[in-house]
Every structure is written in C-alpha cells, then in structure tokens.
C-alpha cells in the first residue's frame, strides 16, 4: 500500500518545501559539565524541546529563580531552513509574555488586528471587530497579535540568557530514558559525545514526534481525516487589507476554504484547503502555488509577490489520557495535538507551561507539597480535551462528510446570509481563550477562571496592572480584599501572610480609607471585574493569574481556600 | 420535550410542509429540510430540549 493517504505525514508540523525562507539565529553548543567530568548529575527540572512551549516553561522557571536544564536537538528556533509555524497569539498568551518580559518586543514586531471577515462564494457572510467586544478591551494586552512563532521563541531565548538559572543546551538530543522511583535518567547525544543525566522532573515539550510517549507507555485518543492544506507565506508589494479574511467556499480555490492572515515583516499567510488526499508534493510546487495566488489576487499582484515559505500539512487530533506519567510531564504538542483552526495549539502550550511552572517552583522551594503537581493534569487535561473538541468541530465544518453533513453546511451558510441567528453556526475556528478549570482539586467552585491583566492605581496613584501585582507576589498566592476590612480581618490577614506563602493587598474604591499597609485603588472597578466578584469580597489569585477561589468575608473559608490552592487539602 | 399536542393546526402545518417539497428533486428537498430544521431549532433554543428531540428522532418504534 502506497497511497497518498499514507504518504502525508500527520505531523501538524509543516515541512519546508519551497520559498526563500527566513534567516534564523543560531546558538552555541557548549559542552556540558557532565561530559567534562564524566559524572552523572541530578537536576531538579529538565525540559526537552526549545519550541514555544519548552521555552515558555524555561522562561517562567528562570523568572521564579528555579534552576533547570533545557535540551534541544537543534541550535536554532523555528524549523531549520524554514521555520514557519504558529502565527496568532491570544490575549492570555500575550499577558503571560508580558510577565516574562518579552511582550514589548512581540508588540513592536507583530501585527495587531481586530477585523475578521468570512466569505462564501463572492459574498461576505459576516464580519466581526474584536475592538467592539467588551470582553477583550480591559486588558493591557490586545485581543491578538500575529507574529511568526520563531520571533517569540528567539525573544524567549534571549530573555532566558539574561535571567540566568536555566542552562540552555543546544544540539542535545535525548536518545534514552529510564524511569526510576522519583526521578528519571536521560541519555543525551551531543556533537562532543553522549552523556547521562538524572532529572527529578522531566518536562516533555519536544513536539508531535516525541519519543517519550513510547518510552512511558502513554495512551491517547487519536483521530485523523482526509483534509489536506497547503500554506503559502507571501510578501506582497501591494498588500491586502490588514484584516483576517476567511473563505468557507472560495471560488478561486475550487470552492474550498482559504485563510488570509497577516504577520510581521509584511508577510501574509495564505492557507489553502486542498482536495481530500491531495498529493503534498504537487500542491506545494512553486508553479502550482503561484497559480493559486494568481487565481486569488490576479496576475499583477502575483508577479510581484515573494514566496517566503510553503508548507503542506494534514492535521490530526490527539489527546493523551494522562499528562503526567511518573516524573514526566507532557505539555504543548506532546500533551495534545489539534488542527490549527482557532490558534489553540501554541497558545495552549504556553498556558500548559505557565500552569506547571509556578507549581513546580512552589514545590521545589518547599512552599507546597509535591501533591500540588497532580493538579497539572487535572487542569490542563480539561483544557486539552476542550481544545480538541472545539477544533474537531471546526474541522468537521470545514471538511464536512459528503452527503448530509455537506447539506447542513450549505443550509447553514445560506441561512447565515439571510438571518443573524445562523451566523454562529458558521465555524471557521473558535479563537483560543483562557480555558476555565471546573474539575480541579485545587480550585474552589468559585475559582478556575483567568484574571485579565487589567489596570488599577498603586497607593501613590501611579498606574499598575494585575501582572505588576503578580510580579510583586513573586510566586506566592495573592489575596485581594475588596472594600473595608474589620480589625479582626486585618489581623487575620497579617497572620496568614506570616504563616503561608501568600501576599495580601487591600483594594479600595476611589475614596475608601486604607486599613492595610499594602493597598491599591480600583477607581473604575476593573480589578474587581477581572476577579469576577462584586461588593465586599476577596479573591485568591494564583501566580498564573487564575482565580483559586473567591469569597465574601475574611474567615475560615479563605484559610481553607489557600490550603486547597497549595494542594494541602482536597 | 413536549410529547403531547402543541400544534395550533396540525393538518395545515403538515400540508404546508408537503407543499414546500412539491416539485423539488431529492437534493433540493434535503436542503429545504436542513434549512427548516435549523430555523425551527433556533425557535426552540433550549439545549436540553434540542438534545431530547434529536434522541427521540433516532428512536424508531419497533
């Protein structure tokens, strides 16, 4: 059997085939101490894979002062010789990058957009403007920034070098693994020979080809279809409008789907849905790509266009049953794989890293029991399963089975042209958002929600944001108490701060009287809104800017919630 | 899900439904039905009722 079906790798990575590519940074291989000394060393955290997930993990740990080793088989970011992958980063990811100190560079390089238009045939079916949607407008970060993934990875690498604590080991391929009680042994191959190291915690962020699934006996649910796509990253002289355009049925692409997305460097990503089982080599040939561009933009625009990169892909969806096996934690594409629709791949990898990093730091610094780490699976498996479900629904809309599935899509599109009610049925991707945690043993039922990076005023009236408070809390839990406090409550908070890894802050309205040394003002109620509470209340905010719990009075419930958030009780 | 009579005029609805399909080929009829299902489903809206209706439709009598 040698059918096109089998030839196409369901990697969810895009293989370079054509185009002039990007110039990527290269990082030096430095022979590690193990090779010099010949001695095996124990490291508390070893991260495998310097993609966006592994680098976010490394940068989070560096920020928290936790030593770690990062192993990457290559010596650059992106995909060598090509390097185009994710392009769209959500508000939650941007808020995380702000905390890590790379947001300003991302914002300067990337492109902000808010208008999206969806077409079927020649007609616009509907459009949206995210700036008009109130749920995005209070954060210091925009709804989205589009930027080539390798730029973010490069910024993270430089930031990690600046922060220290993490040993970046390039050209280091993991070739062997053995799980022991409480640690694992890794064999690493380098240009100067191979060596072994021991890891208390292994973070597998090595992507969809990971060998760790086999090594650990991981089980998973996997699904693949016949849908085929081909990306062309194109630099235009006369560029299209700075909007996201999506065709469900593009007349210039055989009535199949087309995505038109903007990125940094005046490069546009045009993503074409190909025929089912299409031959990846043929559809990514330059003359074939250029013919598609001619059909879409006309011969003059096409003639002036530079093809930066072309990649064909077939996606699969996959979700591990357990995101932790022994000392190995799976994150990013090793935890789950989704189709690219909705930008739920890279963004959820970033969130995976942000979720585990503070927990690992708390455990390694002795501020929380090791059982806190069990909540990583609970929380990020729920997110992974949801992201798989949401992207599978989109994939089914974009590649309906012949017969009734296609009939219903035709019905939905025709109704959407006529009536507003049918527009939400048009599923060209549901953009990633911060997943909520409803099944977490460390979140109260009032918690589990993301807190946006909204603004407030420090006691001296200067501006601050939630991220500034988290930075100040330095990996501890943050107790925000809104409104007046009784003397007993103040006393209780002081005691709590002395006994547990928490920092307490009173949040006052425009003219309340400060009763705590640490207090801020929330004149417009944005901070309170971001914490999903009203009136007199407290909110327990985690270092990953998620709510652990909220409540009304400073009493035993708050004490209980702090213990729960640290994995002390269930 | 209602399983007792809720139609104001069942016979008229049934006739209108058949008339709408008159003269259509199979493909056109399928599209009409699909559009009608989506329009009606939006009138109901309630997720539990819709799920119960789909489930009930799948269960043919013996």
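Protein chains in written order, with our numbering: chain A, 6 to 575; chain B, 311 to 372.
Every residue, glycine too, gets a C-beta built ideally from N, C-alpha and C.
N-terminal and C-terminal residue of the beta strand (DSSP E) that residue i is part of
i, result
"residue 318 of chain A", "311-318"
"residue 198 of chain A", "198-209"
"residue 225 of chain A", "225-229"
"residue 49 of chain A", "47-53"
"residue 93 of chain A", "93-95"
"residue 2 of chain A", "Outside the displayed span of chain A (6 to 575) sits residue 2 of chain A, for which this structure offers no information."
"residue 460 of chain A", "460-463"
"residue 468 of chain A", "468-470"
"residue 133 of chain A", "128-134"
Own chain partners of residue i with C-beta closer than 6 Å, once the 5 adjacent residues on each side are dropped
i, result
"residue 317 of chain A", "235, 285, 288 and 289"
"residue 177 of chain A", "76, 193 and 195"
Three-state secondary structure assigned by DSSP to residue i
i, result
"residue 248 of chain A", "coil"
"residue 77 of chain A", "coil"
"residue 185 of chain A", "coil"
"residue 108 of chain A", "helix"
"residue 175 of chain A", "coil"
"residue 114 of chain A", "helix"
"residue 524 of chain A", "strand"
"residue 279 of chain A", "strand"
"residue 338 of chain B", "helix"
"residue 254 of chain A", "strand"
"residue 376 of chain A", "helix"
Nearest to residue i (by Cα), restricted to the options the options
i, options, result
"residue 552 of chain A", "A:501, A:469, A:350 and A:475", "A:475"
"residue 98 of chain A", "A:181, A:145 and A:356", "A:356"
"residue 215 of chain A", "A:52, A:466 and A:506", "A:52"
"residue 436 of chain A", "A:149, A:54 and A:71", "A:149"
"residue 345 of chain B", "B:318, B:361, B:333 and B:327", "B:327"
"residue 271 of chain A", "A:100, A:366 and A:245", "A:245"
"residue 42 of chain A", "A:199, A:94, A:222 and A:69", "A:199"
"residue 165 of chain A", "A:63, A:431, A:350 and A:519", "A:63"
"residue 209 of chain A", "A:373, A:179, A:231 and A:187", "A:179"
"residue 567 of chain A", "A:501, A:514 and A:550", "A:501"
"residue 348 of chain B", "A:204, A:76, A:449 and A:431", "A:431"
"residue 266 of chain A", "A:217, A:202, A:345 and A:283", "A:345"
"residue 230 of chain A", "A:382, A:325, A:279 and A:511", "A:279"
"residue 411 of chain A", "B:357, B:351, B:340 and B:320", "B:340"
"residue 301 of chain A", "A:187, A:237 and A:38", "A:237"
"residue 465 of chain A", "A:297, A:299 and A:519", "A:519"
"residue 167 of chain A", "A:106, A:362, A:555 and A:332", "A:106"
"residue 34 of chain A", "A:174, A:120, A:68 and A:104", "A:174"
"residue 438 of chain A", "A:45, A:347, A:313 and A:243", "A:347"
"residue 146 of chain A", "A:524, A:252, A:104 and A:565", "A:104"
"residue 564 of chain A", "A:532, A:511, A:526 and A:498", "A:498"
Residue span of the alpha helix (DSSP H) that contains residue i, given as start and end
i, result
"residue 381 of chain A", "379-403"
"residue 549 of chain A", "Counting along the chain, residue 549 of chain A falls outside any alpha helix (DSSP H), and DSSP gives it neither H nor E."
"residue 151 of chain A", "No alpha helix (DSSP H) contains residue 151 of chain A, which is instead part of the beta strand (DSSP E) from 149-151."
"residue 218 of chain A", "217-221"
"residue 570 of chain A", "561-570"
"residue 357 of chain B", "357-368"
"residue 156 of chain A", "154-168"
"residue 435 of chain A", "Where residue 435 of chain A is concerned, there is no enclosing alpha helix (DSSP H), given that its DSSP letter is neither H nor E."
"residue 292 of chain A", "291-302"
Own chain residues within Cβ distance below 7 Å of residue i, not counting five before or after
i, result
"residue 293 of chain A", "287"
"residue 468 of chain A", "460 and 462"
"residue 363 of chain B", "311"
"residue 384 of chain A", "360, 442 and 445"
"residue 337 of chain B", "none"
Where residue i falls, given that 16 or more other Cβ within 10 Å makes a residue buried
i, result
"residue 409 of chain A", "exposed"
"residue 506 of chain A", "buried"
"residue 313 of chain B", "exposed"
"residue 158 of chain A", "buried"
"residue 92 of chain A", "buried"
"residue 350 of chain A", "buried"
"residue 392 of chain A", "buried"
"residue 367 of chain B", "exposed"
"residue 353 of chain A", "buried"
"residue 472 of chain A", "buried"
"residue 455 of chain A", "buried"
"residue 356 of chain B", "exposed"
"residue 424 of chain A", "exposed"
"residue 130 of chain A", "buried"
"residue 370 of chain B", "exposed"
8 Å Cβ shell around residue i - same chain, five flanking residues per side excluded
i, result
"residue 342 of chain B", "330, 331 and 334"
"residue 481 of chain A", "372, 506, 507, 508 and 548"
"residue 541 of chain A", "487, 488, 489, 557 and 558"
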